[in-house]
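Just so you know, the protein sequences line up as chains A and B, in that order. My numbering applies: residue 542 is where the first sequence begins, and numbers increase by one. My numbering applies: residue 1378 is where the second sequence begins, and numbers increase by one. Every residue gets a Cβ at the ideal spot worked out from N, C-alpha and C, and that includes glycine.
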Amino acid sequence: MSVTELEFQASVVEAAPEQAIEGRSQWQLTWRRLRHDKMAVASIVVILIITVLALLAPVFAAVLHHGEYQAFTGAGLSSAGIPVGPGTHGFPLGTDYVGRDLLVRILYGARISLFVGISTTLMATVAGVGMGLVAGYFGGHVDTVLARFADVVLAFPILVLALALAAIYGPSLLIVLGVITFFSWAGIFRIVRGQTLSIKEKEYIEAARSLGAGPWRIMFIDIFPNLLGPVLVLATLYIPTAVVFEATLSFLGIGIPAPTPSWGVILSEAQNYYLESWWYVVFPALALLITTLAFNLLGDGIRDAMDPRTERLFAARGNRRQRRTRKTRPAGPDALPPLTVSELGE
Amino acid sequence: MRPRPKWPTQSRPVPRRGERDRVSDTLSQDGTASLLPEAELEDDVLVRVDNLVKHFPVKAGGLIGRTVGHVQAVDGVSLTIRRGQTLGLVGETGCGKSTLARCIAGLIPVTSGTVTFERRDITNLSRRAMRPFRREIQMIFQDPYGSLNPRRRVGAIIGDPFAIHNTATGAERKRQVQELMERVGLNPEHYNRFPAEFSGGQRQRIGVARALALRPKLIICDEPVSALDVSIQAQVLNLLSDLQDDFGLSYLFIAHDLEVVRHVSDAVIVMYLGKIAEAGPKGPVYEMPRHPYTAALLSAAVAADPKLAAARQRIILTGDVPSPINPPSGCRFHPRCPKAAGPCSQQEPPLESKPGDPATHLTACHFPVEAGQDLALADRREWP
């Protein structure tokens, strides 16, 4: 390429109109891709609905005049002492074995499930990211100790510890939170540590060190933004795991103590009545299923949206649709994407 | 508006460069300036490196990790960098150029030897003690893609030095960053863009702006242009030389491209396997190389003048670069040297001025190349 050609190119770039000064961040791009993923959008909507319903649980209780612990031994139970079905005597989803409103209890259960799921995931993420960054960045003995500790946690029999704790201290919300957090951070720790190990060898970390940046600044300003993507995906997928974990512990009687309405508790009570009262087991199980499914699908959607190749996949799908509708128009040279300023170079 | 790029051509060099050559040549001829420490004008010296050694331990696998050897990346290198001058450092991949640069910048601890900056010893300082010197010594990195954090906006990247050293905040920092962007030929309105939205040359300008932010006295350029297209290389090199004039910068310029080093440097050091093979002012080293390695490198470089290229005999080096874990005895170059003889494998040649050379031109060779000697004929292999 001759000098004049280059100069011409340089002047073309100079003459290009100044637009799109604000660069698109990774998050803006991810959100744009996520918006086009129907499954992910549906999951977001479902999660929002569940959250709103959980927040409105007291309103439902007030409107129905059915408290979460209020047992209606008269209207709520049949003459044989069996729960009444959905729609009877003003119980939209029927009652449980002592005549409490199942809908109100499931809505209150959603509060517990979401609270446990989100709070344990938050705590586990903070712990996992913090320890992973420290282990990966500092390396050496710190890394050895933390990594072995994580290995021990991952190899630990979860239910045995939960049973032992419940036996000593009695089942409580605090123990549920502690146990779930304790067994969740190690997975995030491993991912963060591995990523940190690879990122800290990058030249821009050396550049930060040559500017005089300290280890904490490098960890949280330079390395952390590069980890946010995988951590967000992982955290979204940990929420349903924690929800199921809580239900499992409560079902076994070592989680949330009995009168508190948790989905696990309701399912555990329903064991003796499901033959006569299908609603007793179906509705709480459906609530659990829909919640975990929505979070899992959202996690998958975020993972796809983070992947820059997905956009091209979607674009290809869009093109195909276009071609199908406008079959007569041949794909000419105008089908090529326009050359952007940044592609021209300097 | 970005300044119009200059286009250097071989026939019409930038005049400023020529002036500097004359200055360095006269200095070397009357012996007032020299690479030898005792003959130096002390005030003129910005950085002095004395007998710097950097060995990386090689560990056997396993949990304990027994040290089984050392990579002798840099083995006894001494050099000086003068105020406002450019010291070129050439050598092939793996000869220890980058390790040397990182030792001088204080990014990795040195095994032995000293680094002094303005007569203050900065060898193996703690991070806190090194902090004031970070403002004086900055680096430009080789990879314009790897040296910028892809998740951070350009404004934040260039603003980092201000944030770390607490020199400017808020609107003042933004103003200074945009000033820097303008100075290195970037559009200051691109403040909020991400590195991925720039081309390789523009990214390297971002790296230059970041290095310039704290107004350092020394910038270590670790192969700053080797990842760029030739046309972009010229632009970045011009930018670096303009900045040198404006801010009185000194450069340690590392490259493996001899022509690039010739273009920018006042003095040149040729390294081979962690040691200095030849050092001196640019003119003598390029016109009258005394070390067979330098001669071989120069004979292999692409000449700008095709007539000259046709007349020149290429010296073909045989074999590979030996392992720096177990370097050859005596002169490290002897297994590949076309002139190697008895003492070469026994005795390490001292780095000294050879008869007939200016006092500043140092060569580490028992049998330096003489004028008019044709090394290509001494080669053990036939050139097809």
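inquiry  = Taking the alpha carbon of Leu1635/B as the reference point, which residue from Leu1620/B, Val1662/B and Asn1615/B has its own alpha carbon closest?
reply    = As a first step, residue 1635/B is located in the second sequence; it is residue number 258 there, counting from the start. The shortest Cα separation from Leu1635/B among Leu1620/B, Val1662/B and Asn1615/B belongs to Val1662/B.
ask   = What do you reckon, are the CB atoms on Pro1527/B and Phe1571/B nearer than 8 Å?
value = Here residue 1527/B refers to the residue found at position 150 when the second sequence is read from its first residue. Here residue 1571/B refers to the residue found at position 194 when the second sequence is read from its first residue. Yes, these two residues count as a Cβ contact at 8 Å.
message = Counting only beta-carbon separations shorter than 8 Å, does Ser1503/B have a partner in chain A?
response = As a first step, residue 1503/B must be located in the second sequence, where it is residue number 126. No, Ser1503/B lies away from the interface with chain A (no Cβ there is under 8 Å from its Cβ).
query = Of all the options Asn1703/B, Ile1702/B, Ala1717/B and Glu1729/B, which has the alpha carbon lying nearest to the alpha carbon of Thr1695/B?
reply = Here residue 1695/B refers to the residue found at position 318 when the second sequence is read from its first residue. Of the listed residues, the one whose Cα sits closest to Thr1695/B is Ala1717/B.
request  = Please say whether Leu1456/B and Ile1646/B have beta carbons closer to each other than 8 Å?
outcome  = Here the question's residue 1646/B lines up with position 269 in the second sequence. Here the question's residue 1456/B lines up with position 79 in the second sequence. Cβ distance < 8 Å, so Ile1646/B and Leu1456/B count as in contact.
key: Range of the contiguous alpha helix (DSSP H) that encloses Gly842/A   = If you number the first sequence from 1, residue 842/A lands on position 301. Residues Trp819 to Met847.
query = What are the complete beta strand (DSSP E) segments, minimum 3 residues, inside the stretch 1551 to 1601 of chain B?
reply = 1595 to 1599
query = Just checking my contact of Pro781/A with Thr832/A at CB under 8 Å: how many whole Å lie between their CB atoms?
reply = What you label residue 781/A is simply residue 240 of the first sequence in a count that begins at 1. What you label residue 832/A is simply residue 291 of the first sequence in a count that begins at 1. Indeed, because the Cβ distance is near 7 Å, the residues count as touching under 8 Å.
query = From Ser1730/B to Ile1653/B, what does the alpha carbon distance come to, in whole angstroms?
reply = Locating residue 1730/B in the second sequence gives position 353, where the first residue counts as 1. Locating residue 1653/B in the second sequence gives position 276, where the first residue counts as 1. The C-alpha of Ile1653/B is placed about 13 Å away from the C-alpha of Ser1730/B.
inquiry  = In this structure, how does DSSP classify Asp684/A when only helix, strand and coil are distinguished?
reply    = Position 143 of the first sequence, counted from the start, is the residue given in the question as residue 684/A. Helix.
Rounded C-alpha distance that separates Ile795/A from Val784/A = Along the first sequence, one-based indexing puts residue 795/A at 254. Along the first sequence, one-based indexing puts residue 784/A at 243. Using only the alpha carbons, I get a separation of about 15 Å.
ask   = So the beta strand (DSSP E) Thr629/A belongs to, where does it begin and stop?
value = Within the first sequence, the letter at position 88 stands for residue 629/A. Note, Thr629/A: premise wrong, no beta strand (DSSP E); not H, not E.
inquiry  = For the pair the stretch 665 to 675 of chain A and the stretch 724 to 743 of chain A, tell me if three or more CB-CB distances fall below 8 Å.
reply    = yes
inquiry  = Can you list, in chain order, the residues of its chain with a C-beta nearer than 7 Å to that of Arg1497/B? Leave out the 5 residues immediately preceding and following it.
reply    = Here residue 1497/B corresponds to residue number 120 of the second sequence, with the count starting at 1. Cβ neighbours of Arg1497/B beyond the five flanking positions: none.
message = Out of Asp841/A, Phe836/A and Gly842/A, which one is the CA nearest neighbour of Ile590/A?
response = Here residue 590/A is taken as the residue at index 49 of the first sequence, counted from 1. Here the closest residue by C-alpha is Phe836/A.
task = Answer yes or no: does any C-beta atom of chain A fall closer than 8 Å to that of Gly1523/B?
result = The sequence position of residue 1523/B within the second sequence is 146, counting from 1. So, interface residue.
inquiry  = Using 8 Å as the threshold, is the C-beta distance between Phe1510/B and Ile1517/B below it?
reply    = What you label residue 1510/B is simply residue 133 of the second sequence in a count that begins at 1. What you label residue 1517/B is simply residue 140 of the second sequence in a count that begins at 1. No. Outside cutoff.
message = My output table needs one value for Met1516/B: the three-state DSSP class, helix, strand or coil.
response = As a first step, residue 1516/B is located in the second sequence; it is residue number 139 there, counting from the start. In the structure shown, Met1516/B sits in a strand (DSSP, three-state: E or B).
task = Within its chain, find whatever has a CB closer than 6 Å to the CB of Trp1581/B; leave out the 5 residues flanking it on each side and keep chain order.
result = Stepping through the second sequence from its first residue, residue 1581/B is reached at position 204. The sequence as given places Gln at residue 1581/B; Trp does not occur at that position. The residues are Pro1521 and Val1613.
query = Which whole-angstrom value is the C-beta distance of Arg1587/B and His1542/B, which I expect to be below 8 Å?
reply = As a working mapping, residue 1587/B is identified with position 210 in the second sequence. As a working mapping, residue 1542/B is identified with position 165 in the second sequence. Not confirmed; about 12 Å, so no contact.
query = Who are the near neighbours of Pro1593/B in its chain, counting only those whose CB is closer than 8 Å to its CB and skipping five residues on each side?
reply = On the second sequence, position 216 is the one that residue 1593/B refers to. Closer than 8 Å at the Cβ level, and outside the excluded window around Pro1593/B, lie Arg1512, Glu1513, Ile1514, Gln1515 and Leu1626.
Inside the stretch 710 to 798 of chain A only - alpha helix (DSSP H) runs reaching at least 4 residues = Correct list: 714 to 740, 744 to 752 and 765 to 792.
query = Name the chain B residues that come within less than 7 Å of Asn767/A, Cβ to Cβ?
reply = The count along the first sequence starts at 1 and reaches residue 767/A at position 226. By Cβ distance, chain B contributes Arg1528.
query = Whose C-alpha, out of Phe1710/B, Ala1672/B and Leu1728/B, is nearest the C-alpha of Glu1747/B?
reply = Reading the second sequence from its first residue, position 370 is the one you call residue 1747/B. Residue Ala1672/B is the option with its Cα nearest to Glu1747/B.
key: Alpha carbon of Pro1745/B to alpha carbon of Pro1658/B, nearest angstrom   = One-based indexing of the second sequence puts residue 1745/B at position 368. One-based indexing of the second sequence puts residue 1658/B at position 281. Approximately 17 Å between the Cα atoms of the pair.
task = With DSSP as the reference, label Arg1677/B as helix, strand or coil.
result = Within the second sequence, the letter at position 300 stands for residue 1677/B. According to the sequence provided, residue 1677/B is Ala. The question's Arg does not apply to it. In the structure shown, Ala1677/B sits in a helix (DSSP, three-state: H, G or I).
request  = Give the DSSP bridge partners of Asp1498/B, in chain order.
outcome  = Looking up residue 1498/B in the second sequence gives position 121. Answer by DSSP bridge pairing, in chain order: Thr1493/B.
key: Backbone secondary structure at Ala1741/B - three-state DSSP   = Indexing the second sequence from 1 puts residue 1741/B at position 364. DSSP places Ala1741/B in strand when its eight states are reduced to three.
request  = Output yes or no for whether 8 Å exceeds the beta carbon distance between Leu643/A and Gly631/A.
outcome  = Numbered from 1 along the first sequence, position 102 holds the residue referred to as residue 643/A. Numbered from 1 along the first sequence, position 90 holds the residue referred to as residue 631/A. Result no, Cβ atoms of Leu643/A and Gly631/A do not sit closer than 8 Å.
query = At a Cβ threshold of 8 Å, is Asp1402/B touching chain A?
reply = As a first step, residue 1402/B must be located in the second sequence, where it is residue number 25. Confidence is the limiting factor: at Asp1402/B the pLDDT is only 39, short of 50, which leaves the residue's position unreliable and the question unanswerable from this model.
request  = Give the interface partners of Gln1515/B over in chain A, defined as CB-CB distance under 7 Å, in chain order.
outcome  = Residue numbering aside, residue 1515/B sits at position 138 when the second sequence is read from its first letter. Ser751, listed in chain order.
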